[in-house]
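For what it's worth, my numbering labels the leading residue of the sequence shown as 1, then goes sequentially. Beta carbons: idealized from backbone N, C-alpha and C, even for Gly.
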Amino acid sequence: MRVTIHQPHFMPWLGYLHRMAQADLFIVLDHVQFERGNYQNRTMIRMNGEPRWLTVPVVHGSQKERIVEKQIDQTLADTPRWWSMAHYQTIRQAYREARYLGEYAPALRRVFETRWTRLVDLNAALLEFLRASFGIRTQLVRSSELVAEGAKSELVLNLCKAVGADALLVGLGGSREYLDKAAFEAAGVRLDYQQFVHPDYRQCGAAPFSKGLSSLDLLLNCGPRSRELLLGQSLEEAAHVAA
(Lines of atoms letter the chains of each structure in order from A and count residues from 1; the text may use other names and numbers.)
(Lines give C-alpha, C1' and ligand atoms only; values in the text may rest on other atoms or scores of the structure.)
Protein backbone atom coordinates (compact mmCIF):
# COMPACT_ATOMS: atom_id res chain seq x y z
CA MET A 1 0.00 0.00 0.00
CA ARG A 2 1.29 3.42 -0.96
CA VAL A 3 0.65 6.23 1.51
CA THR A 4 1.26 9.96 1.42
CA ILE A 5 1.25 12.39 4.35
CA HIS A 6 0.54 16.11 4.57
CA GLN A 7 -0.82 18.75 6.94
CA PRO A 8 -4.44 19.81 6.32
CA HIS A 9 -4.64 22.91 4.11
CA PHE A 10 -7.47 25.35 3.48
CA MET A 11 -8.80 24.68 -0.05
CA PRO A 12 -5.37 23.40 -1.20
CA TRP A 13 -3.63 23.86 -4.52
CA LEU A 14 -3.56 21.32 -7.35
CA GLY A 15 -0.29 19.69 -6.34
CA TYR A 16 -1.92 18.65 -3.06
CA LEU A 17 -4.82 16.87 -4.77
CA HIS A 18 -2.51 15.36 -7.40
CA ARG A 19 -0.42 13.76 -4.66
CA MET A 20 -3.50 12.49 -2.86
CA ALA A 21 -4.82 10.89 -6.04
CA GLN A 22 -1.56 8.97 -6.56
CA ALA A 23 -1.76 7.22 -3.18
CA ASP A 24 -3.91 4.47 -1.68
CA LEU A 25 -4.13 6.26 1.67
CA PHE A 26 -3.71 9.93 2.58
CA ILE A 27 -2.71 10.63 6.18
CA VAL A 28 -3.86 14.08 7.26
CA LEU A 29 -1.04 15.21 9.54
CA ASP A 30 -3.15 17.09 12.07
CA HIS A 31 -1.43 16.35 15.39
CA VAL A 32 1.72 18.40 14.72
CA GLN A 33 2.32 22.08 15.51
CA PHE A 34 0.23 24.70 13.72
CA GLU A 35 2.37 26.89 11.47
CA ARG A 36 1.47 30.57 11.27
CA GLY A 37 1.62 32.15 7.83
CA ASN A 38 1.29 28.76 6.13
CA TYR A 39 -1.51 27.36 3.97
CA GLN A 40 -3.26 25.69 6.89
CA ASN A 41 -5.67 28.61 7.19
CA ARG A 42 -5.27 30.46 3.90
CA THR A 43 -5.35 29.97 0.14
CA MET A 44 -5.28 31.98 -3.07
CA ILE A 45 -8.07 32.47 -5.58
CA ARG A 46 -8.12 34.58 -8.76
CA MET A 47 -10.05 37.85 -8.69
CA ASN A 48 -10.06 40.46 -11.45
CA GLY A 49 -7.16 38.67 -13.12
CA GLU A 50 -4.90 38.65 -10.05
CA PRO A 51 -4.23 36.21 -7.18
CA ARG A 52 -5.99 37.13 -3.94
CA TRP A 53 -5.58 35.65 -0.48
CA LEU A 54 -8.49 34.21 1.48
CA THR A 55 -7.63 33.71 5.15
CA VAL A 56 -9.58 31.98 7.91
CA PRO A 57 -9.23 33.99 11.16
CA VAL A 58 -7.92 31.82 13.97
CA VAL A 59 -7.40 32.26 17.70
CA HIS A 60 -3.72 32.81 18.41
CA GLY A 61 -2.91 30.48 21.27
CA SER A 62 0.34 28.87 22.34
CA GLN A 63 3.10 28.59 19.74
CA LYS A 64 3.12 24.85 20.49
CA GLU A 65 -0.60 24.50 19.72
CA ARG A 66 -1.33 21.54 17.47
CA ILE A 67 -3.30 21.82 14.24
CA VAL A 68 -6.08 19.63 15.62
CA GLU A 69 -6.49 22.10 18.51
CA LYS A 70 -6.57 25.31 16.46
CA GLN A 71 -9.82 27.24 16.99
CA ILE A 72 -11.49 29.55 14.48
CA ASP A 73 -11.97 33.12 15.73
CA GLN A 74 -15.68 33.60 16.50
CA THR A 75 -15.47 37.35 17.23
CA LEU A 76 -17.67 38.45 14.31
CA ALA A 77 -20.09 35.52 14.38
CA ASP A 78 -23.72 36.37 13.53
CA THR A 79 -22.73 39.65 11.86
CA PRO A 80 -22.57 40.58 8.15
CA ARG A 81 -18.78 40.63 8.52
CA TRP A 82 -18.59 36.97 9.60
CA TRP A 83 -15.62 35.63 7.64
CA SER A 84 -17.30 32.44 6.41
CA MET A 85 -20.11 33.88 4.30
CA ALA A 86 -17.92 36.83 3.36
CA HIS A 87 -15.46 34.35 1.84
CA TYR A 88 -18.28 32.57 0.03
CA GLN A 89 -19.54 35.83 -1.45
CA THR A 90 -15.98 36.77 -2.46
CA ILE A 91 -15.67 33.45 -4.30
CA ARG A 92 -18.99 34.02 -6.06
CA GLN A 93 -17.90 37.49 -7.12
CA ALA A 94 -14.44 36.36 -8.22
CA TYR A 95 -15.82 33.50 -10.32
CA ARG A 96 -19.07 35.05 -11.51
CA GLU A 97 -17.99 34.44 -15.12
CA ALA A 98 -16.68 30.91 -14.49
CA ARG A 99 -18.60 28.34 -16.50
CA TYR A 100 -19.22 25.90 -13.64
CA LEU A 101 -19.81 28.20 -10.68
CA GLY A 102 -23.53 27.39 -10.66
CA GLU A 103 -22.88 23.66 -10.56
CA TYR A 104 -20.65 23.70 -7.49
CA ALA A 105 -21.91 26.77 -5.61
CA PRO A 106 -24.68 24.99 -3.62
CA ALA A 107 -22.33 22.40 -2.09
CA LEU A 108 -19.73 25.07 -1.42
CA ARG A 109 -22.31 27.27 0.26
CA ARG A 110 -23.37 24.45 2.58
CA VAL A 111 -19.80 24.16 3.84
CA PHE A 112 -19.41 27.89 4.41
CA GLU A 113 -22.83 28.21 6.08
CA THR A 114 -21.84 25.73 8.77
CA ARG A 115 -20.62 27.21 12.07
CA TRP A 116 -17.20 25.62 12.38
CA THR A 117 -15.23 25.97 15.61
CA ARG A 118 -12.10 23.98 14.74
CA LEU A 119 -10.02 24.76 11.68
CA VAL A 120 -9.27 21.08 11.10
CA ASP A 121 -12.97 20.27 10.69
CA LEU A 122 -13.53 23.10 8.21
CA ASN A 123 -10.53 21.98 6.18
CA ALA A 124 -11.75 18.38 6.26
CA ALA A 125 -15.17 19.39 4.90
CA LEU A 126 -13.64 21.46 2.09
CA LEU A 127 -11.17 18.71 1.25
CA GLU A 128 -14.03 16.21 1.03
CA PHE A 129 -15.87 18.60 -1.31
CA LEU A 130 -12.80 18.88 -3.56
CA ARG A 131 -12.02 15.16 -3.37
CA ALA A 132 -15.53 14.24 -4.47
CA SER A 133 -15.63 16.92 -7.17
CA PHE A 134 -12.35 15.72 -8.68
CA GLY A 135 -13.39 12.06 -8.42
CA ILE A 136 -10.53 11.13 -6.08
CA ARG A 137 -11.21 7.89 -4.20
CA THR A 138 -8.13 7.77 -2.00
CA GLN A 139 -8.99 6.94 1.61
CA LEU A 140 -8.19 9.47 4.34
CA VAL A 141 -7.19 9.06 7.98
CA ARG A 142 -6.12 11.65 10.53
CA SER A 143 -2.75 11.21 12.24
CA SER A 144 -4.41 12.18 15.53
CA GLU A 145 -6.33 8.90 15.29
CA LEU A 146 -3.14 6.85 14.97
CA VAL A 147 -0.42 5.92 17.45
CA ALA A 148 2.88 7.30 16.15
CA GLU A 149 5.59 9.25 17.96
CA GLY A 150 8.74 11.07 16.94
CA ALA A 151 9.54 14.09 14.79
CA LYS A 152 10.22 14.66 11.11
CA SER A 153 11.64 11.52 9.46
CA GLU A 154 11.02 9.27 12.47
CA LEU A 155 7.40 10.39 12.75
CA VAL A 156 6.76 9.88 9.04
CA LEU A 157 8.23 6.37 9.17
CA ASN A 158 6.22 5.50 12.28
CA LEU A 159 3.02 6.67 10.57
CA CYS A 160 3.85 4.41 7.62
CA LYS A 161 4.32 1.51 10.02
CA ALA A 162 1.07 2.32 11.85
CA VAL A 163 -0.98 1.84 8.68
CA GLY A 164 1.09 -1.00 7.20
CA ALA A 165 2.40 0.96 4.23
CA ASP A 166 5.16 -0.45 2.04
CA ALA A 167 5.64 2.74 -0.01
CA LEU A 168 5.61 6.47 0.76
CA LEU A 169 4.83 9.06 -1.89
CA VAL A 170 7.01 12.06 -1.10
CA GLY A 171 5.81 15.51 -2.16
CA LEU A 172 7.55 18.48 -3.71
CA GLY A 173 8.47 20.19 -0.43
CA GLY A 174 11.21 20.03 2.17
CA SER A 175 10.54 16.46 3.30
CA ARG A 176 12.73 15.25 0.43
CA GLU A 177 15.69 16.71 2.29
CA TYR A 178 15.10 15.48 5.85
CA LEU A 179 13.88 11.92 5.28
CA ASP A 180 16.29 9.25 6.51
CA LYS A 181 16.39 7.11 3.36
CA ALA A 182 18.41 4.36 5.04
CA ALA A 183 15.83 3.99 7.83
CA PHE A 184 12.99 3.68 5.32
CA GLU A 185 14.91 1.09 3.32
CA ALA A 186 15.63 -0.90 6.48
CA ALA A 187 11.93 -0.84 7.36
CA GLY A 188 10.93 -2.04 3.90
CA VAL A 189 9.19 1.21 2.94
CA ARG A 190 9.96 2.34 -0.62
CA LEU A 191 10.26 6.07 -1.28
CA ASP A 192 8.45 7.31 -4.39
CA TYR A 193 8.71 10.93 -5.50
CA GLN A 194 5.83 12.99 -6.82
CA GLN A 195 6.10 14.11 -10.44
CA PHE A 196 3.72 17.03 -10.91
CA VAL A 197 3.40 19.44 -13.81
CA HIS A 198 0.94 22.27 -13.22
CA PRO A 199 -1.75 22.12 -15.93
CA ASP A 200 -2.60 25.14 -18.06
CA TYR A 201 -6.29 25.86 -18.59
CA ARG A 202 -8.59 28.72 -19.43
CA GLN A 203 -9.14 31.04 -16.46
CA CYS A 204 -11.62 33.88 -16.09
CA GLY A 205 -10.37 37.18 -17.46
CA ALA A 206 -7.73 38.10 -19.99
CA ALA A 207 -4.78 38.42 -17.61
CA PRO A 208 -1.78 36.05 -17.81
CA PHE A 209 -2.27 32.56 -16.39
CA SER A 210 -1.97 32.30 -12.58
CA LYS A 211 -0.38 29.17 -11.10
CA GLY A 212 -0.52 27.92 -7.52
CA LEU A 213 -4.12 28.90 -6.80
CA SER A 214 -6.64 26.87 -4.85
CA SER A 215 -7.86 23.77 -6.69
CA LEU A 216 -11.22 25.52 -6.68
CA ASP A 217 -9.98 27.71 -9.55
CA LEU A 218 -9.60 24.75 -11.91
CA LEU A 219 -12.87 23.20 -10.76
CA LEU A 220 -15.02 26.29 -11.30
CA ASN A 221 -13.46 27.00 -14.69
CA CYS A 222 -13.33 23.48 -16.12
CA GLY A 223 -15.87 21.40 -14.22
CA PRO A 224 -15.95 17.71 -15.28
CA ARG A 225 -12.63 18.06 -17.15
CA SER A 226 -10.81 19.04 -13.96
CA ARG A 227 -9.79 15.49 -13.07
CA GLU A 228 -8.38 14.86 -16.54
CA LEU A 229 -6.45 18.14 -16.49
CA LEU A 230 -5.09 17.42 -13.01
CA LEU A 231 -4.12 13.81 -13.65
CA GLY A 232 -3.74 13.72 -17.43
CA GLN A 233 0.00 13.19 -17.46
CA SER A 234 -0.19 10.62 -14.66
CA LEU A 235 -2.98 8.72 -16.45
CA GLU A 236 -0.94 8.66 -19.67
CA GLU A 237 2.08 7.32 -17.77
CA ALA A 238 -0.05 4.62 -16.13
CA ALA A 239 -1.47 3.55 -19.50
CA HIS A 240 2.03 3.38 -20.97
CA VAL A 241 3.25 1.19 -18.11
CA ALA A 242 0.22 -1.10 -18.42
CA ALA A 243 0.87 -1.50 -22.15
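Cβ atoms of residue 135 and residue 225 stay farther apart than 8 Å, at about 11 Å.
A direct Cα-to-Cα measurement between residue 149 and residue 98 gives close to 45 Å. The alpha helix (DSSP H) runs lying completely inside the region 76-111 and spanning 4 residues or more are 83-94, given in chain order.
Between the alpha carbons of residue 162 and residue 168 lies a distance of about 13 Å.
Looking only at 1, 10, 23, the smallest Cα-Cα distance to residue 171 is reached by 23.
Shown here, residue 182 sits in a helix according to DSSP, grouped into three states. Residue pairing of residue 20 in beta bridges, as defined by DSSP: absent, with no partner found. Every unbroken stretch of the beta strand (DSSP E) spanning 3 or more residues and falling wholly within the region 119-205 is given here in chain order: 139-142, 167-170, 190-193. In its chain, beyond the 5 residues on either side, 66, 68, 143, 144 have a beta carbon closer than 6 Å to the beta carbon of residue 31. When secondary structure is reduced to three states using DSSP, residue 115 falls in the coil class, being assigned neither helix nor strand.
Beta bridge pairing from DSSP links residue 47 with 50. Contact between residue 84 and residue 112 holds, since their C-beta atoms are separated by about 5 Å, short of 8 Å. Considering only 27, 54, 154, 203, the residue with the shortest C-alpha distance to residue 223 is 203. For residue 74 and residue 105, the gap between their C-alpha atoms comes out near 24 Å.
Annotation: the continuous alpha helix (DSSP H) that includes residue 220 extends over 215-222. Close CB contacts of residue 117 within its chain, under the 8 Å cut and outside five residues either way in sequence, are with 71, 72, 74 (chain order). Contact fails between the region 176-190 and the region 206-213, because fewer than three Cβ pairs, one in each stretch, are under 8 Å apart.
The residue from 33, 219, 229 with its alpha-carbon nearest to that of residue 107 is 219. With 16 or more neighbouring CB atoms inside 10 Å of its own CB, residue 11 falls in the buried class.
Secondary structure at residue 29: coil, using DSSP grouped into helix, strand and coil.
In the DSSP assignment, no residue is bridged to residue 225.
Pairing residue 44 with residue 213 gives a Cβ-Cβ distance under 8 Å. Per DSSP, residue 5 is one residue of the beta strand (DSSP E) stretching across 2-6.
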